[in-house]
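A.B. asks: 1077 is the number of the first residue of the sequence shown in this note's numbering; add one for each residue after it.
C-beta atoms are modelled at their ideal positions from N, C-alpha and C, and glycine is treated no differently.
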Amino acid sequence: MSNVRPESMARITTKELADKFIAEQVAEIRAQVGDKKVLLALSGGVDSSVVAALLIKAIGKQLICVHVNHGLMRKDESEEVIRIFRDGLDANLVYIDATDRFLGKLEGVSDPEKKRKIIGGEFIVVFDEEARKLTDVDFLAQGTIYPDIIESDGVKAHHNVGGLPEDMKFELVEPIKLLYKDEVRVVGKALGLPASMVDRQPFPGPGLGVRCLGAITRDRLHALREADAILREEFDICGLSQKVWQYFIAVPDMKSVGVKDGKRYEGWPAIIRAVNTTDAMTATIEEIPYAVLHKITDRITKEVEGINRVLLDLTPKPVGTIEWE
Ligand code: XMP
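1) For a minimum of 3 consecutive residues, which ranges assigned as the beta strand (DSSP E) are wholly contained in the segment 1166–1239?
2) Between which two residues does the alpha helix (DSSP H) containing HIS1298 stretch?
3) From which residue to which residue does the alpha helix (DSSP H) around ILE1376 run?
4) Can you give me the start and stop residues for the beta strand (DSSP E) that ILE1158 sits inside?
5) In this structure, how does DSSP classify VAL1395 when only helix, strand and coil are distinguished?
6) In or out: LEU1316 buried (at least 16 other Cβ within 10 Å) or exposed?
7) Below 7 Å CB to CB, which residues in the same chain sit around ALA1326 once its five sequence neighbours on both sides are set aside?
8) Report all residues from its chain with a CB closer than 8 Å to the CB of GLN1318; omit the five preceding and five following residues, and keep chain order.
9) Taking 7 Å as the limit between beta carbons, can you name the residues of its chain near GLN1108, skipping five residues before and five after?
10) Please report the straight-line C-alpha distance between VAL1127 and ASP1312, rounded to a whole angstrom.
11) Just how far apart, CA to CA, sit GLU1083 and GLY1180?
12) To the nearest angstrom, report how far apart ASP1204 and ILE1306 are at their CA atoms.
13) Pull up the distance between the alpha-carbon of LYS1232 and that of LYS1336, whole angstroms please.
14) Between ARG1375, ALA1291, PHE1178, which has its C-alpha nearest MET1330's C-alpha?
15) Relative to the C-alpha of ASP1304, which candidate in ILE1135, MET1149, ILE1088 has its C-alpha closest?
16) For the ligand XMP, is there a heavy atom less than 7 Å away from the beta-carbon of ILE1376?
17) Distance, Cα to Cα, ASP1152 vs ILE1158?
18) Could you tell me which of PRO1188, PRO1328, GLU1362, GLY1164 sits nearest to GLU1132, measuring between CA atoms?
19) When the Cα of ASN1079 is compared with those of GLU1189, ILE1225, ARG1208, which residue comes out closest?
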């Protein structure tokens, strides 16, 4: 398959078209791979999840999925990957909890670019270590999608640190490289993946590492993860999760004075960011009803240890980027 999407290729918008695409890809993958093994880094994001489901359908246990938990996942995210792929699809899944390695390397590092480099670099080291334990793997599957190819300066291309060491030679398997994101979601649904996975909002590779601002500490990371889970839960309840492109919490490395249970309580603020965009290059602010904001504030300040204020970021992009870093 070439890297140019043929003019004649109809946009995959329905289950029927998705099923046809799946049948074609299953045949192509089988022809390419034969009885060899394929390795895939399964983050749990939409693209790698759909590639995993497609390959499992085509070659079953010849696919080895490696899920690296870098300790910067959202609440229950790794558990969901295990539940869907190992328990649900009977995947050959290697789960690596590398939380201590990542957080150890990140200790005391506050510069955003350094944090990104450490996370990206360590990811490759961990993945490489696992890959070397396996034998007879000739192929590497990747969740490359069409915008990754055409926008060489696109979000993923310039954000994600990619590439394995030079001496690891794999032939690539990239079954969704001609699809746009909306098509990947349709294919994912046709493959039976749950909406919670297929309709996920974008989540940066370095995960909560770009939202736990400054030098990451375990207690503040925990507070961020819990506050973020509450925000997502409340957006689900009021229907905003269907309307808002991306929403999350950022927690800066600063404290202010507050009062809790009649006592002085120094805590971090939780900052709500909820934006709409089509391409992430510019973004507008979603209006959140005050009643929802009050409920979220109430829950976060009561339920999350270490947080004593909730703030709302009203800055569009430009001038603010979507992430705080
Ligand atoms: P910014 O903060 O630059 O973010 O306005 C634009 C979009 O990119 C996402 N983002 C990333 N996506 N890997 C990704 O795949 C990354 O490292 C990364 N960093 C930011 C961000 O969440 C937003 O949707």
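C.D. replies: Answer, in terms of the structure:
1) 1168–1173, 1213–1217
2) 1294–1314
3) 1366–1379
4) Note, ILE1158: premise wrong, no beta strand (DSSP E); not H, not E.
5) VAL1395 carries a coil assignment under DSSP once its states are collapsed to helix, strand and coil.
6) buried
7) ARG1287, LEU1289, ILE1347, ARG1349, TRP1400
8) none
9) VAL1249
10) 27 Å
11) 49 Å
12) 35 Å
13) Only weak support exists for where LYS1232 lies, its pLDDT of 46 falling under 50; the coordinates are left without a value.
14) ALA1291
15) Closest in C-alpha terms to ASP1304, from the list ILE1135, MET1149, ILE1088, comes MET1149.
16) no
17) 10 Å
18) Checking the displayed sequence, the identity of residue 1132 turns out to be Ile instead of Glu. Checked all of PRO1188, PRO1328, GLU1362, GLY1164; the closest Cα to ILE1132 is GLY1164.
19) ASN1079 has its Cα closest to that of ILE1225, out of GLU1189, ILE1225, ARG1208.
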